[in-house]
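In this note's numbering, the protein residues as written are 2 to 245. All C-beta atoms in this analysis are idealised placements derived from N, C-alpha and C, irrespective of residue type, glycine included.
Quick look at the structure:
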């Protein structure tokens, strides 16, 4: 298989050179241990004796491989950092939008609450005037029904408005509603304004109770029955008051 095998020794008999096959594999010459050691040393010298440009090329290749690996690692790290940054920015934007939505919702809730409070106060004023005989024509059933209906077991503060059917009453003192302090009971006047309640609590009190005398168009009229209409609108509900 081998074209040539040559072993060279120096003047003292030590191994000086050896020829190996074209594949570069060491040839087992059944040498002594000392010869094998010397043979390995010769192999190292042979490698060192290669032309400088070969060593430079090999070093350059190693350096390029290392540089490529470093670039690949850097690219992976960069992409991971960019991903972390994008996720952080997305999270921050979501949190910002959530805060803005919460603030908008809160502001709207405050505005709605104030608007409802203003509306409620306006209706309370109208109802208060209605109880004293004013604005009765402006009070509608659906408006009165905005107020809670009286029932036992309510915690009531002085000044609170309640309704019995379509009749409005107002608490005089703080109390818990019960049969003993009901607006239709014996002690109603101690707890409520707007009592006694009309016999038909589902209907609002008439603007002009029977017997009411008013002046209309310079003439006095007396109501023949409970009515909400003036003599011009319902003349049958009125009679002229005879004056001397």
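### Message
With three or more C-beta pairs closer than 8 Å as the rule, is the segment 151-171 touching the segment 180-187?
### Response
As far as the Cβ criterion goes, the segment 180-187 touches the segment 151-171, which means the pair count is three or higher.
### Query
Where residue 170 and residue 163 are concerned, what is the direct C-alpha to C-alpha distance, given to the nearest angstrom?
The residue you call residue 170 lines up with position 169 of the chain shown. The residue you call residue 163 lines up with position 162 of the chain shown. A direct Cα-to-Cα measurement between residue 170 and residue 163 gives close to 5 Å.
#### Entry: Within the segment 138-186, ranges of the beta strand (DSSP E) (whole runs, at least 3 residues)
DSSP runs (the beta strand (DSSP E)) wholly in the segment 138-186: 162-165, 168-172.
### Task
Compute the Euclidean distance between the alpha carbons of residue 175 and residue 91, then round it to the nearest angstrom.
One-based indexing of the chain shown puts residue 175 at position 174. One-based indexing of the chain shown puts residue 91 at position 90. For residue 175 and residue 91, the gap between their C-alpha atoms comes out near 55 Å.
### Query
Within 10 angstroms of its Cβ, does residue 160 collect 16 or more other Cβ (buried), or is it exposed?
As a position in the chain shown, residue 160 is number 159, starting the count at 1. Residue 160 is exposed by the Cβ-count criterion.
### Closest Cα partner of residue 194 within the set 235, 173, 59
Mapped onto the chain shown, residue 194 falls at position 193. Residue 173 holds the alpha-carbon nearest to the alpha-carbon of residue 194 among 235, 173, 59.
### Query
Could you give the C-beta distance for residue 224 and residue 233, rounded to a whole number, given that I count them as a contact under 8 Å?
The sequence position of residue 224 within the chain shown is 223, counting from 1. The sequence position of residue 233 within the chain shown is 232, counting from 1. Not confirmed; about 14 Å, so no contact.
### Per-residue burial, residue 177 [other beta carbons within 10 Å of its own, 16 or more giving buried]
Position 176 of the chain shown, counting from 1, holds the residue named residue 177. By the C-beta density criterion, residue 177 is exposed, having fewer than 16 other C-beta atoms within 10 angstroms.
### Task
Could you check what DSSP says for residue 225 in three-state terms: helix, strand or coil?
Within the chain shown, residue 225 is the residue found at index 224, counting from 1. Coil at residue 225, not helix or strand.
### Task
On the DSSP bridge assignment, give the partners of residue 214 in chain order.
Here residue 214 corresponds to residue number 213 of the chain shown, with the count starting at 1. In the DSSP secondary-structure assignment, residue 214 is bridged to 223.
### Cα-Cα separation, residue 123 to residue 157
Within the chain shown, the letter at position 122 stands for residue 123. Within the chain shown, the letter at position 156 stands for residue 157. The straight-line gap from Cα to Cα measures roughly 21 Å.
### Nonlocal neighbours in the same chain, by C-beta distance under 6 Å from residue 209, ignoring five residues either side
Within the chain shown, residue 209 is the residue found at index 208, counting from 1. These residues qualify, in order along the chain: 224, 228.
### Query
What are the boundary residues of the alpha helix (DSSP H) that residue 192 is part of?
As a working note, residue 192 is residue 191 in the chain shown. Per DSSP, the unbroken alpha helix (DSSP H) holding residue 192 starts and ends at 189-192.
### DSSP three-state assignment for residue 238, whether helix, strand or coil
Walking along the chain shown from the start, residue 238 turns up at place 237. Looking at residue 238 - three-state DSSP - the assignment turns out to be helix.
### Alpha carbon of residue 96 to alpha carbon of residue 114, nearest angstrom
Residue mapping note: residue 96 aligns to position 95 of the chain shown, counting from 1. Residue mapping note: residue 114 aligns to position 113 of the chain shown, counting from 1. CA-to-CA, the gap between residue 96 and residue 114 works out to about 26 Å.
### Message
Excluding the 5 residues flanking residue 235 on each side, which residues of the same chain have their C-beta closer than 8 Å to its C-beta?
### Response
By one-based count along the chain shown, residue 235 stands at place 234. Exclusion of the five residues before and after residue 235 leaves 228 as the residues of its chain whose Cβ lies within less than 8 Å of its Cβ.
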